[in-house]
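Position 13 (the sequence shown) corresponds to 13 in UniProt numbering; numbering is contiguous.
Accompanying notes for the structure given below.
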Amino acid sequence: MAAAYRAVLRAARRTFAGDRLMLAESAVEIRRRFEEHRGLAPGSGEAARALSDAREAAHFITHMIVQAQRAPSGSFVVKPEKEHAGATLEVPSEEILSKLK
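Written out as structure tokens, the structure is:
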């Protein structure tokens, strides 16, 4: 479980680098999820499912999330990297973007 925990944290740190709020919030959420599964017996079906979920989360964070950066002009710039190849892009609505300004 410890290796899976570190992998998810590492994925979040890399994806949200430079975004203090997302780094803090994702770390809290990741910790909460792992604490929920703390008492699972190693080798049990539930533990295997939890580990699989953690691996899937790390993969999702790494390959499906691209952190947008605010450009000096005020617009947002998205720079996907090679690990994002093949992923679909979901652009936030104007309503969501206006809340960030």
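Every residue gets a Cβ at the ideal spot worked out from N, C-alpha and C, and that includes glycine.
Everything numeric in this text was worked out from a predicted model, so none of it was measured.
As assigned by DSSP and simplified to three states, the class of residue i
i, result
"Val-77", "strand"
"Arg-70", "strand"
"His-37", "coil"
"Ser-93", "coil"
"Met-1", "coil"
"Phe-60", "helix"
Same chain, Cβ closer than 7 Å to residue i, neighbours up to 5 away in sequence not counted
i, result
"Ala-41", "Ala-47"
Status (buried if at least 16 other CB within 10 Å, exposed otherwise) for residue i
i, result
"Ser-26", "buried"
"Val-78", "exposed"
"Val-8", "buried"
"Ala-71", "exposed"
Rounded separation between residue i and residue j - CA only
i, j, result
"Thr-15", "Arg-38", "26 Å"
"Thr-62", "Arg-20", "18 Å"
"Ala-17", "Gln-69", "11 Å"
"Ala-12", "Glu-36", "19 Å"
"Ala-4", "Arg-55", "6 Å"
Sequence-distant residues of the same chain with beta carbon closer than 6 Å to residue i, five excluded per side
i, result
"Met-1", "none"
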